Amino acid sequence: MSEVVRLERHDGIAIVTVDSPPVNALGAAVRRGILECAQTAVADPAVKAIVLACAGRTFIAGADITEFGKPTQPPALAEVVAALENSPKPTVAAIHGTALGGGLEVALGCHFRVAVKDARLGLPEVKLGLLPGAGGTQRLPRAVGPELAVKMIVGGEPVGATEALKQGLIDAIVEGPASGGEAFACRVLAERRPLRRLRDDDSRLMAAKANRSIFTDAVAAVTKRARGLEAPFAAAEAVGLSLDTPFDEALKQERELFLKLMNGDQSKAQRYAFFAEREAARVAGVPEGTKPRKVERVAIIGAGTMGGGIAMSFANAGIPVTLIEMGDESLKRGLGVMRKNFEATAARGGIAADEPARRMGLVTGVVGLEHVKDADLVIEAVFETMAVKKEVFATLDKFARSGAVLASNTSYLNINEIASVTKRPQDVLGMHFFSPANVMKLCEIVRGAKTAPDVLVTAVAVARRIAKVPVVVGVCDGFVGNRMLAARSRQADKLLFEGALPRQVDAVATRFGMPMGPFAMDDLAGLDIGWRSRRDRGVKSEIADALCEAGRFGQKTGKGYYKYEGGSRAPLPDPDVETLIVDACARLGLRRREIGDNEILERLVYPTVNEGARILEEGIAARPGDIDVVWLYGYGWPIYRGGPMYYADQVGLRHIADRLSYYAEATNDPSLEPAPLLKRLAAEGRTFASPAAGRKSTQTLAT
Ligand code: T1G
Numbered sequence: 244m245s246e247v248v249r250l251e252r253h254d255g256i257a258i259v260t261v262d263s264p265p266v267n268a269l270g271a272a273v274r275r276g277i278l279e280c281a282q283t284a285v286a287d288p289a290v291k292a293i294v295l296a297c298a299g300r301t302f303i304a305g306a307d308i309t310e311f312g313k314p315t316q317p318p319a320l321a322e323v324v325a326a327l328e329n330s331p332k333p334t335v336a337a338i339h340g341t342a343l344g345g346g347l348e349v350a351l352g353c354h355f356r357v358a359v360k361d362a363r364l365g366l367p368e369v370k371l372g373l374l375p376g377a378g379g380t381q382r383l384p385r386a387v388g389p390e391l392a393v394k395m396i397v398g399g400e401p402v403g404a405t406e407a408l409k410q411g412l413i414d415a416i417v418e419g420p421a422s423g424g425e426a427f428a429c430r431v432l433a434e435r436r437p438l439r440r441l442r443d444d445d446s447r448l449m450a451a452k453a454n455r456s457i458f459t460d461a462v463a464a465v466t467k468r469a470r471g472l473e474a475p476f477a478a479a480e481a482v483g484l485s486l487d488t489p490f491d492e493a494l495k496q497e498r499e500l501f502l503k504l505m506n507g508d509q510s511k512a513q514r515y516a517f518f519a520e521r522e523a524a525r526v527a528g529v530p531e532g533t534k535p536r537k538v539e540r541v542a543i544i545g546a547g548t549m550g551g552g553i554a555m556s557f558a559n560a561g562i563p564v565t566l567i568e569m570g571d572e573s574l575k576r577g578l579g580v581m582r583k584n585f586e587a588t589a590a591r592g593g594i595a596a597d598e599p600a601r602r603m604g605l606v607t608g609v610v611g612l613e614h615v616k617d618a619d620l621v622i623e624a625v626f627e628t629m630a631v632k633k634e635v636f637a638t639l640d641k642f643a644r645s646g647a648v649l650a651s652n653t654s655y656l657n658i659n660e661i662a663s664v665t666k667r668p669q670d671v672l673g674m675h676f677f678s679p680a681n682v683m684k685l686c687e688i689v690r691g692a693k694t695a696p697d698v699l700v701t702a703v704a705v706a707r708r709i710a711k712v713p714v715v716v717g718v719c720d721g722f723v724g725n726r727m728l729a730a731r732s733r734q735a736d737k738l739l740f741e742g743a744l745p746r747q748v749d750a751v752a753t754r755f756g757m758p759m760g761p762f763a764m765d766d767l768a769g770l771d772i773g774w775r776s777r778r779d780r781g782v783k784s785e786i787a788d789a790l791c792e793a794g795r796f797g798q799k800t801g802k803g804y805y806k807y808e809g810g811s812r813a814p815l816p817d818p819d820v821e822t823l824i825v826d827a828c829a830r831l832g833l834r835r836r837e838i839g840d841n842e843i844l845e846r847l848v849y850p851t852v853n854e855g856a857r858i859l860e861e862g863i864a865a866r867p868g869d870i871d872v873v874w875l876y877g878y879g880w881p882i883y884r885g886g887p888m889y890y891a892d893q894v895g896l897r898h899i900a901d902r903l904s905y906y907a908e909a910t911n912d913p914s915l916e917p918a919p920l921l922k923r924l925a926a927e928g929r930t931f932a933s934p935a936a937g938r939k940s941t942q943t944l945a946t
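So in the working numbering, the last one in the sequence shown is 946, and the numbering has no gaps at all.
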């Protein structure tokens, strides 16, 4: 019998329990175990019904992603599903935690499904660049109808147990999964309920069979933001088969579509990203078993855009937070903005109508830093100057309780310098959220020279609790994300002086899959920020300065590199700007040239990668995957391209090094010379992903 699946019998009910931590993934042993137990139970005359449940924290979370790309071992998942579906005895899936992907497909093969109240059910395969490959695209539409099936399969979003019951995905909500499943099985036997095989029931498909626009409209709604992705469109094609193709033929075509995606580049990149995100949460260079400190009370200093957004993130996660400002006015304003944001989300249907009040109830606004005294974690989000930060941290040192974690949300200031004004540098680090903090998932955890290991682990754990994606980074100007962005921005600016225009550069970036190009991004952030910083550093930029001198600060003034009309945020090319650029070049005696899109793409991406190589070499990031996670969750790097370092490995480091050397020479820009690590890996024919590719060991992450 299998070590990962056990069979017990209680008064004629067979309980098949999967016990394969951490998430009961459907590896070969689990598939074999379920099949054997189901066959044994069906053959046992003493067994009248079969319940499939899971031990541990969750029902089956899907196929075992680590098996993908390797030869498939029998039995195939479809065979396991069919065995449950064709059982002559009632089969009941008893769900807790999450039933995802293949896990839900197995449950859909059962005649009945029950779940505990806080369970979630979904087919999120598109997030891995896949589609359900074991009948989910055919059974789910028959369970809940094509519209919801499209949302769940093409959009990849799970539903909760209550919604699942309402939509007919489950038959009951139960207390304990296995006991609830067993009780439900007894009811099915007592009531002699017919065994319902979803494959035989087209009733939920009839409306869309008669009016296909029900299906096509649902697909259009969900694929609005799927630009560049293959999986959502293939998944939609597979779901569409349920409306017009015989079941077994549709299964065959679903399998073909699945295999095509699984062997494609996009899914490989998305599966890489899935594991890179989880690896990034494992802090490199801390002693094994380092435990996080307890964090129950959180205080946030500053109710401005960032502080308010961070407070919203805690409230969204149901964690009470004290929001501290220096004056009543600014506190009231900050709380007002938060409430407005929650209400706007509720108005869009993003959260229930009563959620804004509930979430605001979790936020206590107070004036005065002395209110940090009970906090386990304090996050400072005040004005971005070193003087102000030092003043705040010196005060925190007086009022915060011993052992509290003191974090700064600074986006580039030196954490070691901030920590130096406290007597507890071991408790100080950076938690760099990205704006808008209640939306953006990335949180750079900035490790100071003296930051204690358990403080790092605490910050990572808290970031994950508030549904952020944490990446530990070292201390340098711009940490990881903004430092690489600066390298890209330098090249984008130079391209304007060489002959390109903002709309051409941005079009290349958006065609590559970025949500917006460098100039639209500057307009969003505000050109005045860079202008102020250049003036502080005595640096001039003919074009950007001229725009600011003309009061063109970007979206906030309705004009920047682009113009913005009728309150829209859509960037419109502005002939005045293009004239300004050409005139600036003429003033500087620069001869403009035609620049091809491919050169623009290489000049945007390769310097970004090159800076990433320097960051790896200096130990500012512990792994190339950490850098990729920063770009995926902080800057909208297209998930189907894995991240800048993953992308560079696919392009080939030798090619990138050669192109960088060429541009360094052609544009007389030594900053484009390939970084030593990149040059060495290229020469050795290796990749950034090759083990410990010449990087400093993770033990010496720079600080
Ligand atoms: N396969 C292998 N390992 C997995 C896994 C999976 N499906 N899901 C999670 N893990 C590992 C993960 O790497 C981590 O490992 C640990 O479990 C805890 O995960 C045929 C083809 C279930 C909501 O897409 O969404 O089924 O870091 O840190 O935050 O049609 O994991 O501890 O070594 O994320 O509590 C479809 C993916 C697969 C679900 C739990 N299923 N997983 O979240 O823990 S394709 C999915 C998740 C498929 C079929 C198709 C989440 C979770 P380690 P975690 P968590």
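Note that the Cβ used here is the ideal one computed from N, Cα and C, for glycine as well. Predicted, not measured: the structure shown is a model, and the values here were computed from it.
Please report how far the alpha carbon of residue i lies from the alpha carbon of residue j, in whole angstroms.
| i | j | result |
| --- | --- | --- |
| residue 435 | residue 512 | 49 Å |
| residue 581 | residue 539 | 22 Å |
| residue 776 | residue 502 | 51 Å |
| residue 367 | residue 631 | 45 Å |
| residue 555 | residue 815 | 32 Å |
| residue 643 | residue 745 | 48 Å |
| residue 551 | residue 560 | 14 Å |
| residue 468 | residue 759 | 13 Å |
| residue 667 | residue 885 | 39 Å |
| residue 751 | residue 316 | 43 Å |
| residue 869 | residue 691 | 18 Å |
| residue 541 | residue 597 | 24 Å |
| residue 311 | residue 318 | 15 Å |
| residue 681 | residue 842 | 36 Å |
| residue 942 | residue 793 | Legend: pLDDT at residue 942 = 38, less than 50; position of this residue unreliable, no value from coordinates given. |
| residue 603 | residue 932 | 44 Å |
| residue 411 | residue 443 | 15 Å |
| residue 553 | residue 472 | 31 Å |
| residue 375 | residue 683 | 28 Å |
| residue 826 | residue 790 | 12 Å |
If you compare alpha carbons, which of the options is closest to residue i?
| i | options | result |
| --- | --- | --- |
| residue 421 | 643, 256, 897 and 467 | 256 |
| residue 355 | 479, 292, 712 and 474 | 292 |
| residue 768 | 878, 920 and 565 | 878 |
| residue 838 | 739, 498, 429 and 855 | 739 |
| residue 742 | 261, 829, 507 and 596 | 829 |
| residue 273 | 286, 812, 246 and 326 | 246 |
| residue 353 | 533, 259 and 577 | 259 |
| residue 276 | 314, 440, 323 and 264 | 323 |
| residue 924 | 915, 907, 891 and 914 | 891 |
| residue 902 | 505, 882 and 916 | 916 |
| residue 652 | 678, 669 and 645 | 678 |
| residue 408 | 357, 913 and 579 | 357 |
Hey, is residue i close to ligand 1, as in C-beta under 7 Å from one of its heavy atoms?
| i | result |
| --- | --- |
| residue 931 | no |
| residue 265 | yes |
| residue 521 | yes |
| residue 348 | yes |
| residue 308 | yes |
| residue 370 | yes |
| residue 647 | no |
| residue 320 | yes |
| residue 377 | yes |
| residue 527 | no |
| residue 516 | no |
| residue 301 | yes |
| residue 373 | yes |
| residue 341 | yes |
Is the region 512 to 532 touching the region 707 to 723, taking contact as three or more C-beta pairs under 8 Å? yes
Count Cβ pairs between the region 894 to 908 and the region 868 to 879 that sit closer than 8 Å; are there 3 or more? no
Can you confirm whether the region 362 to 377 touches the region 278 to 298 when touching is taken to mean that 3 or more C-beta pairs between the two stretches lie within less than 8 Å? no
Check whether the region 731 to 748 touches the region 848 to 855, counting contact only when three or more Cβ pairs, one atom from each stretch, lie closer than 8 Å. yes
Flag this pair as touching only if the region 623 to 642 and the region 590 to 608 have three or more C-beta atom pairs under 8 Å; answer yes or no. no
For the structure I just gave you, are there three or more beta carbon pairs, one from the region 387 to 407 and one from the region 482 to 495, closer than 8 Å? yes
Would you check if there are 3 or more beta carbon pairs closer than 8 Å linking the region 324 to 344 to the region 405 to 423? yes
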